[in-house]
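Novice: When the letters of the sequence shown are read in order and numbered with mature numbering (1 follows the signal peptide of the UniProt record, and there is no 0), they come out as residues -19 to -1, 1 to 134.
Heads up, the beta-carbon is just placed ideally off N, CA and C, and yes, glycines get one too.
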Amino acid sequence: MRPSPSLSLLLSLPLLTLASPALLPRQDTTPDYGYWDATVTTDAGRPGWQTRQVSATYYNPGLAQPLSSTCTWSFVPQGTNGPPVETSRCDREGFAYAWGAPWYTLNLTQTVVLDGGEEVTLYGGALLERRCGLGAGNACSAQGRIEAGVTPL
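#1: In whole angstroms, what is the alpha-carbon distance linking residue 104 and residue 130?
#2: Give every residue of the same chain whose Cβ lies closer than 7 Å to the Cβ of residue 58, excluding the five residues on either side of it in the sequence, and list them in chain order.
#3: Taking only three categories from DSSP, how would you classify residue 62?
#4: On the three-state DSSP scale, how would you describe residue 37?
#5: For residue -13, which of helix, strand or coil comes out of DSSP?
#6: Quick one: Cα of residue 39 to Cα of residue 33, how far?
#7: Measuring only the C-alpha atoms, how far is residue 106 from residue 43?
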């Protein structure tokens, strides 16, 4: 015996209800925290000096203008004339980085004030593509895009 058309419709409604969320377009509720375009340049030579520059420009739809930051680090051995000298500076307060652990990973932290007045501390990290042999000494450069988020690394 065949079920009546109304009974078939009644039996298929629960299946349609279960499938309906998959039929609806997904709404991405993840906030857009923006990203950094970052470059790391390093150089080294004898008798042991090293330099590093990290440049990052932060882009966010909540900012009228991107924010550019640059940090420099250098190590200069003094030999027998005195102790080695190590310097590290960043031009923007609230910006910090960690480079090279593991491999050529750049981790960024930056506190920004969005156009609406909200202060947010952002974190991001990525393994960057590194190229060497760019000039005298042991010059190398690594660059890439790093997505920003609010979860510490």
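Specialist: Based on what the coordinates show:
#1: 5 Å
#2: 28, 29, 30 and 65
#3: helix
#4: strand
#5: For residue -13, the predicted model reports a pLDDT of 48, less than 50, meaning its position is unreliable and no value from the coordinates is stated.
#6: 20 Å
#7: 21 Å
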